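The listed protein sequences derive, respectively, from chains A and B.
Quick note: the first sequence, position 320, residue 320 per my numbering, numbers continuous.
Quick note: the second sequence, position 36, residue 36 per my numbering, numbers continuous.
Glycine included, every Cβ here is placed at the ideal spot set by N, Cα and C.
Nothing here was measured: the structure is a model prediction, and the numbers come from that model.
Everything below concerns the one structure shown next.
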Amino acid sequence: MAIDIKNIADLLKKQVADAQLSNQIVDVGEVVFSGDGIIKVKGLTNVKYYEVLSIQNGASAIALNLEENEVGAVVLDDDGSICQGMTVKTTGRLMSVPVGDALLGRIVDPLGNPLDGKGNINTNKYREIEVPSASIMDRSPVSQPLQTGLISIDSMIPIGRGQRELIIGDRQTGKTAIAIDTIINQKDKNVICVYVAIGQKSSTVNDVAHKLEAYGALDYSIIVSATAKDSAPLQYIAPYSGCSMAEEFMYNGKDVLIVYDDLSKHAVAYRTLSLLLKRPAGREAYPGDIFYLHSRLLERSVKLCDALGGGSITALPIVETQAGDISAYIPTNVISITDGQIYLETELFNAGTRPAVNVGLSVSRVGGSAQIKAMRSVAGTLRLDLAQYRELAVFTQFGSDLDNVTKAVLTHGEKLTELLKQPQYRPIPVAKQVVMLYVISLPALVAISKKHITKYFEEFLKYVEETNPAVYADIDNTKLLSEENKKWLGEAAESFTKSFLEKI
Amino acid sequence: MKTLRVLSSKPLSQESKEKIEILFRKKVEGQADFVYEIDESLIGGIKVFDGSIVYDGTISGKLEQIKQSLR
């Protein structure tokens, strides 16, 4: 015990001796109004926009309203003890967060404080949360795929590294599930993941953290959490903090995936702040710069040119719609900013199609250049086949006599739809996806009915793994489906189909 | 015409006062008036108030910095 005390005393002495002390020049002011997480300060004549202010009770605030006679600031860690007359000092720095490898595997709040009880975050690197995005010449086109592991997305709405793809849908349609599956699929793919939870229930964030840990994804992820109990300013800065943490990795040549769950609640938090700061309200009471709020955030998701390390940040923002209305204010804003959207529908979800992706309304503006060649070749007609199926699907309800061509389109469409269904937490590697999509269009599979498709492919993929795993390895290494492998798959499908039909 | 408040822990000598005035007249472009006050809690050094800007060269200020760094 005595030794510990002496150690502590020595450490303290050393820290005091090493402390860099200087004469300080600060701007001071006095709180004239405090309430609802906002303070109005008199004085602070040289304060800068977005500067961090230090309040007498130890709390911090960000200066957001610089008016002629007073400064309006939002308090970040309000414990209710700020009273009128307290001194407020400028700190001379803009809002910044700790960044670096020390954050991986941790759950933090938007200020960088740990929330998972695993000890302090030991890093000496900090980044400002509001920085301009990479300039035009610093960027390079998106060319590498970011595999989500979800066959319906990787085939028809492919996402590339550096793209922004919006996940939009009503509540309980599987938006977060897509994001989580994508994060789980990044294992061993050299992609760091950041999950930003804005305004969610704490129980939901806890769930996400446990699932990521259970599937071994937490080691390469950071969870930034500003739940519904956190103040509006914390919810407001959460996505920017997460983005800065991601940028640290990107500018060091890494690929990062960042999920903003969700931006609708982020917009609401910003609206709260703006209304309390008495800024003029616009449509739906949102402030005038609600578009800029999201555009500057999403513009920071880039694919950098090789000269800067070639890193990237892929963004998956999530927006919740009400009653499927994608023409509401915030959804239309974010749709116009992102490079495509994945549209999830409640009807599809309730009918059992999960992921409930509406292929007709979903789009990826990067498209084929974000797919490996093998996938591009097998998925080429997929969209068209499904579109034709949807057009004719209404005729199945009549039970009428249909001609053979229509029947063929309908059965093929039904099988494809069944193939695209996928259980949660079971991402499929791209090589297997390519094999599935190639085989389903083979004539041998006409004999397999829709209700057996799932079981068929479960066993067929295992069969290929056991008898000729080189097929998967070839696709992974060459990114192509060779003629030789195609021939082998054709023959394997025929023989396997025969034995499968005998079994059932 | 600005008025600058100078706080010190002990009364300042005329020489010190002159040095301070020359320094701050340069900083504040224009005429400046100086008001001197005593505040023993500063322990040592001086603090100068120019409107809302505070130039803190006191020992109590440095102790506060140490306290912050030990958090």
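At a cut-off of 8 Å between beta-carbon atoms, residue 52 of chain B makes contact with chain A. At least 8 Å separates the CB of residue 10 of chain B from every CB of chain A. Residue 339 of chain A and residue 291 of chain A have their C-alpha atoms some 16 Å from each other. Within chain A, the residues whose beta carbon sits less than 7 Å from that of residue 62 of chain B are 21, listed in sequence order.
Using a Cβ-Cβ cut-off of 8 Å, residue 235 of chain A does not count as an interface residue toward chain B, since no Cβ of chain B sits closer than that to its own. A contact is defined here as three or more CB-CB pairs under 8 Å, and the region 44 to 62 of chain A meets this definition with respect to the region 90 to 107 of chain A. Scanning chain A for C-beta atoms nearer than 8 Å to the C-beta of residue 41 of chain B yields nothing, as the closest lies near 14 Å away. Taking the Cα positions, residue 69 of chain A is about 7 Å away from residue 42 of chain A. Within the model, the alpha-carbon separation for residue 393 of chain A versus residue 410 of chain A is close to 7 Å. With respect to residue 215 of chain A, residue 184 of chain A sits close: the two C-beta atoms are nearer than 8 Å.
Here residue 193 of chain A is bridged, per DSSP, to A:221, A:257. Taken through DSSP and simplified to helix, strand or coil, residue 142 of chain A comes out as coil. Listed by position along chain A, the residues whose Cβ is nearer than 9 Å to that of residue 20 of chain B form an empty set, because the closest Cβ is around 13 Å away. Residue 44 of chain A and residue 240 of chain A have their C-alpha atoms spaced approximately 26 Å apart. Within the DSSP bridge table, the entry for residue 50 of chain B names B:53 as partners.
With its beta carbon less than 8 Å from one in chain A, residue 69 of chain B belongs to the interface.
As a beta-bridge residue in DSSP terms, residue 343 of chain A pairs with A:168.
Note that the C-beta distance between residue 57 of chain A and residue 81 of chain A is below 8 Å. Distance from the Cα of residue 322 of chain A is smallest, within the candidate group A:168, A:501, A:4, for A:168.
With respect to the 8 Å criterion, residue 318 of chain A and residue 230 of chain A are not classified as neighbours on the basis of their beta carbons.
Proximity of the region 478 to 498 of chain A to the region 18 to 31 of chain B falls short of the contact definition, fewer than three beta-carbon pairs being nearer than 8 Å.
For residue 57 of chain B, the nearest CB of chain A lies under 8 Å from its own CB, placing it at the interface with that chain. Assignment of beta-bridge partners to residue 107 of chain A by DSSP yields A:223.
Chain order gives no chain B residues near residue 52 of chain A, where near means a beta carbon separation below 8 Å; the closest approach is about 13 Å. Taking the Cα of residue 238 of chain A as reference, the smallest distance to any Cα among A:260, A:254, A:333, A:253 is reached at A:260. Of the candidates A:366, A:457, A:444, A:366 places its Cα closest to the Cα of residue 156 of chain A. For residue 98 of chain A, the uninterrupted beta strand (DSSP E) run begins and ends at 96 to 99, by DSSP.
Within chain B, the residues whose beta carbon sits less than 7 Å from that of residue 27 of chain A are 52, 53, listed in sequence order. Residue 342 of chain A sits close to residue 166 of chain A, with the two beta carbons spaced by under 8 Å.
The contact set of residue 46 of chain A on chain B, defined by CB atoms closer than 7 Å, consists of 53 in chain order. Neighbours of residue 65 of chain B in chain A, taken as residues whose beta carbon is under 9 Å from its own, are 19, 20, 21, 22, 24 in chain order. In this structure residue 66 of chain A touches residue 49 of chain A by the C-beta definition: roughly 6 Å separates them, less than 8 Å.
Excluding sequence positions up to five before and after residue 438 of chain A, its CB lies within less than 8 Å of the CB of 378, 481, 486, 489, all in the same chain and listed in chain order. From the listed residues A:160, A:104, A:356, A:251, the smallest Cα separation to residue 134 of chain A is found for A:251.
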